[in-house]
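At the far end of the sequence shown sits residue 313, using numbering that gives the first Met the number 0, and the numbering has no gaps. Here's the structure we're looking at; comments come further down.
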Amino acid sequence: MQIILVHPGLRQARSITLKTRHLVVLLLAFVLLVCTASAAAFYFGLPLLGRMGVPFASAASAGSADPAHQDRYVRENIAAMAVKVGEMQAQMMRLDALGERVQGLAGIKPETFNFREKPGRGGLEPPPEGQTMSPEAFTRALQQLSLELEQRGDYLNVVESALMQDKVQFKMLPTVQPANVGYNASGFGWRIDPFNGRQAFHGGIDFAGPTGTPIVAAAGGVVVAAEYHPQYGNLLEIDHGNDIVTRYAHASRLHVKLGDIVRRGQRVADIGSTGRSTGAHLHFEVLVKNIHQDPHKFLSAGAAAQARLLSASR
Numbered sequence: 000m001q002i003i004l005v006h007p008g009l010r011q012a013r014s015i016t017l018k019t020r021h022l023v024v025l026l027l028a029f030v031l032l033v034c035t036a037s038a039a040a041f042y043f044g045l046p047l048l049g050r051m052g053v054p055f056a057s058a059a060s061a062g063s064a065d066p067a068h069q070d071r072y073v074r075e076n077i078a079a080m081a082v083k084v085g086e087m088q089a090q091m092m093r094l095d096a097l098g099e100r101v102q103g104l105a106g107i108k109p110e111t112f113n114f115r116e117k118p119g120r121g122g123l124e125p126p127p128e129g130q131t132m133s134p135e136a137f138t139r140a141l142q143q144l145s146l147e148l149e150q151r152g153d154y155l156n157v158v159e160s161a162l163m164q165d166k167v168q169f170k171m172l173p174t175v176q177p178a179n180v181g182y183n184a185s186g187f188g189w190r191i192d193p194f195n196g197r198q199a200f201h202g203g204i205d206f207a208g209p210t211g212t213p214i215v216a217a218a219g220g221v222v223v224a225a226e227y228h229p230q231y232g233n234l235l236e237i238d239h240g241n242d243i244v245t246r247y248a249h250a251s252r253l254h255v256k257l258g259d260i261v262r263r264g265q266r267v268a269d270i271g272s273t274g275r276s277t278g279a280h281l282h283f284e285v286l287v288k289n290i291h292q293d294p295h296k297f298l299s300a301g302a303a304a305q306a307r308l309l310s311a312s313r
């Protein structure tokens, strides 16, 4: 092959003769240059693209790394997943504790729903050629599970708060029988007055019992009256909040004074026959917004709740 060079700076045209060996050398040099450029781009360009977040480049750069780099990459990912698993274990322990508290507040039997036992699971066996979860998919599944655990924990916290509030409100209701005696001497409503024989409204119920029999608070509250009354005799009134007041009359002795805070079931007085009374008994009243209510409604609700708790504990 003959190449003729023509240029204005040259006095005359020049010719170069390329033989076959010259063409072979040039071709080999070109192939070597292409291979060198490709190798440089593979070893230096792909890691850079991988750090920039290009998906195929990330996979290629990880695959082209040396064994030491691959081992470090795997160990770092395992460490990160181990930290995530530890966080999820802590969340599960928190959920177990929350679940047991909610279970107790709701009155659910422990054997009905045990948070410490794994639930039964099953299903068809997957085919052998089923797809294996990739590390990236496994990481995403862990993150999603962690998020769901947090949501379940928040939900259980709300449920626990609501149940606790209901329990506190129920404890502030006068549902405890104020005297441990066998029968009521007189019920709520209209009756014949034992002194004058006329029709009269009886605003409470009477518990007949020996003098000195303990009288307990039907619910927790604050003593708002502890005094002698011409009709009620030794009188005790307890404010339970929410405009609910209980009244205990004809007591032989008062064990609390004005302003005392009393607990549910605490002994506050003794049965007697002071004031307008024909014999030893407790006259018990429940007032809501200063209106007399039938105490049996509250005491029956308390007895039903106690029966449910006993049933749940068996």
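Cβ atoms here follow ideal geometry from the backbone N, Cα and C, with glycine treated the same way.
Residue of the options minimising C-alpha distance to residue i
i	options	result
T138	A81, T212 and H201	A81
Q90	T212, G152 and V222	G152
S272	T212, A303 and G98	T212
Residue i, buried or exposed, once every other Cβ within 10 Å from all chains shown has been counted against 16
i	result
T35	exposed
F297	buried
A225	buried
E147	exposed
V223	exposed
N203	Reading off the sequence shown, one finds Gly at residue 203, where the question assumed Asn. Under this definition G203 is a buried residue.
P54	Confidence is the limiting factor: at P54 the pLDDT is only 48, short of 50, which leaves the residue's position unreliable and the question unanswerable from this model.
A279	buried
Y154	exposed
L173	Rather than Leu, the amino acid found at residue 173 in this sequence is Pro. So P173 counts as buried.
D95	exposed
T277	exposed
I191	exposed
Y231	buried
R252	exposed
A217	buried
Rounded Cβ spacing between residue i and residue j (contact assumed at less than 8 angstroms)
i	j	result
I237	V261	6 angstroms
H254	N233	Actually they are not in contact, since the Cβ atoms of H254 and N233 sit about 11 angstroms apart, beyond 8 angstroms.
G219	H239	7 angstroms
F283	P193	The pair is not a contact, with the Cβ atoms about 17 angstroms apart (cut-off 8 angstroms).
P294	V285	5 angstroms
R263	V175	6 angstroms
I214	L281	6 angstroms
Paired residues, beta bridge with residue i - DSSP
i	result
G220	V261
E284	R246
D269	P213 and R252
Q198	I191
Query raised in the report: Touching or not, the stretch 206-215 and the stretch 171-188, by the rule of three or more beta carbon pairs under 8 angstroms?
Result: yes
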